[in-house]
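Report on the following structure.
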Amino acid sequence: METTDPDKTSAQTHMRFDENALLAMLFGEHDRNIAQIEHKLGVMISSRGNELEISGPSEPVHLAKAVLNDLYGRLKQGHALDSSEIDGAIRMAGTRAPGGGIDIDNTPSAASEPIQTRKRPVAPRSPRQVDYIDALRSHELVFGLGPAGTGKTYLAVAVAVSMYLTGQVDRIILSRPAVEAGERLGFLPGDIKEKVDPYLRPLYDALNDMMPTDAVLKRLESGDIEIAPLAFMRGRTLSNAIVILDEAQNTTPVQIKMFLTRLGEHSRMVVTGDLSQVDLPPGSRSGLAEAVETLENMKGAAFIRFTNEDVVRNPLVTRIVRAYEKREKRARAATSAGGHK
Numbered sequence: 220m221e222t223t224d225p226d227k228t229s230a231q232t233h234m235r236f237d238e239n240a241l242l243a244m245l246f247g248e249h250d251r252n253i254a255q256i257e258h259k260l261g262v263m264i265s266s267r268g269n270e271l272e273i274s275g276p277s278e279p280v281h282l283a284k285a286v287l288n289d290l291y292g293r294l295k296q297g298h299a300l301d302s303s304e305i306d307g308a309i310r311m312a313g314t315r316a317p318g319g320g321i322d323i324d325n326t327p328s329a330a331s332e333p334i335q336t337r338k339r340p341v342a343p344r345s346p347r348q349v350d351y352i353d354a355l356r357s358h359e360l361v362f363g364l365g366p367a368g369t370g371k372t373y374l375a376v377a378v379a380v381s382m383y384l385t386g387q388v389d390r391i392i393l394s395r396p397a398v399e400a401g402e403r404l405g406f407l408p409g410d411i412k413e414k415v416d417p418y419l420r421p422l423y424d425a426l427n428d429m430m431p432t433d434a435v436l437k438r439l440e441s442g443d444i445e446i447a448p449l450a451f452m453r454g455r456t457l458s459n460a461i462v463i464l465d466e467a468q469n470t471t472p473v474q475i476k477m478f479l480t481r482l483g484e485h486s487r488m489v490v491t492g493d494l495s496q497v498d499l500p501p502g503s504r505s506g507l508a509e510a511v512e513t514l515e516n517m518k519g520a521a522f523i524r525f526t527n528e529d530v531v532r533n534p535l536v537t538r539i540v541r542a543y544e545k546r547e548k549r550a551r552a553a554t555s556a557g558g559h560k
């Protein structure tokens with residue numbers, strides 16, 4: 220049931236839920252989940268028994284209803300809720316229909332459905348993440364570009380694990396530039412594994428989020444999953460695999476060309492990076508920047524550009540990214556002004 224004021228600037232809607240135990244989980248400890256939705260959307264949510272009343276501006280009320288329905292559906296499927304899941308549901312509910320209104324009743328695309336892994340489903344938390352998942356499933360070559368915390372690598376690994384588990388690929392190959400400024404591994408102590416593991420740790424972490432540790436170790440030993448520095452890709456042809464290159468902004472043009480030309484039959488390749496975080500020596504050209512310029516209009520390749528609006532980590536990360544973007548804009552403006560004097 221829903222009532223709307225004649226001026227359509229405010230609205231009130233009622234919702235009824237059939238499982239009290241799930242409703243308690245929906246509210247969260249000390250109603251913190253409801254408080255988060257109220258704060259983010261500017262609505263008031265009150266409860267009586269298994270019924271909720273949402274009141275406030277018309278559009279946020281519709282958004283809150285969509286968010287609560289989405290979160291309740293996740294609980295019914297056995298998924299847990301946390302702050303980031305709620306933020307993601309709010310982002311997804313805020314996707315606008317082509318006409319400019321909120322498309323509450325639109326049937327979700329396959330890309331908006333959770334990615335199934337051995338440990339837990341991984342759901343997109345922003346409309347651009349939906350586009351990214353769709354690209355990962357439909358293109359042989361995908362570039363995921365944008366700031367830290369937007370899920371570029373995490374979602375790529377999730378899709379890779381899902382494709383491996385369903386038999387779409389035989390192998391998962393994950394790679395990074397092992398040392399940001401030129402892969403000079405000889406200056407590090409220890410054997411080759413000890414030298415490169417610290418640089419590849421984020422890839423191990425992502426895998427362990429998707430699969431039990433013993434399953435990861437077993438597949439690493441068998442070679443079904445391979446995690447290796449970029450230098451180890453030279454001379455290989457990677458077939459029947461999904462291959463992910465992370466932190467690609469720290470490759471040279473020669474390195475990334477070498478990597479891209481490793482793509483074999485029945486394989487997919489994903490390249491992720493943040494062009495605002497290049498750690499190459501001053502004056503060195505980022506291979507990722509050159510690859511984007513060279514391949515952007517090539518058939519078969521998809522380019523997904525994330526922004527600070529897609530950051531899905533702690534909200535503070537979004538504010539940090541924005542603060543640095545403002546600083547960089549001021550520096551560019553000052554440089555431009557100085558050049559015109």
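In the numbering used here, the protein residues as written are 220 to 560. Here a beta-carbon is modelled for each residue, glycine too, at the ideal position from N, C-alpha and C.
Between the segment 444-461 and the segment 379-390, the count of C-beta pairs closer than 8 Å reaches three or more; the two stretches touch. Of all alpha-carbon atoms in ASP493, PRO448 and SER495, the one lying nearest the alpha-carbon of PHE478 is that of PRO448. Relative to ASN469, the option among SER486, VAL490, ASP289 and THR336 whose CA is nearest is VAL490. VAL497 and ASP306 have their C-alpha atoms spaced approximately 29 Å apart.
Under the Cβ criterion (8 Å, minimum of three pairs), the segment 513-530 counts as touching the segment 333-348. Contact check between the segment 358-368 and the segment 420-437: fewer than three CB pairs, one atom from each, fall below 8 Å, which does not count as touching.
In the DSSP annotation of this structure, PRO346 is not part of any beta strand (DSSP E); the continuous alpha helix (DSSP H) holding it starts and ends at 346-357.
The Cβ-Cβ distance between ALA230 and SER265 does not fall below 9 Å.
Runs of beta strand (DSSP E) with 3 or more residues, each lying fully within the segment 443-479, are found at 444-448 and 460-464, listed in chain order. DSSP places GLU257 in the uninterrupted alpha helix (DSSP H) bounded by 251-260. Following the DSSP letters along the chain, one finds GLY307 in no beta strand (DSSP E) but inside the alpha helix (DSSP H) bounded by residues 302-312. As computed with DSSP, ARG504 is found in no beta bridge at all.
For LEU282, the number of other beta carbons within 10 angstroms of its own is at least 16, and it is reported as buried. When secondary structure is reduced to three states using DSSP, GLU238 falls in the coil class, being assigned neither helix nor strand. SER303 sits exposed, since fewer than 16 C-beta atoms from the chains shown fall within 10 Å of its C-beta.
In chain order, ILE256, LEU260, ILE305, ALA308, ILE309 and ALA312 place their CB closer than 8 Å to the CB of VAL286, counting only its own chain and leaving out the 5 sequence neighbours on each side.
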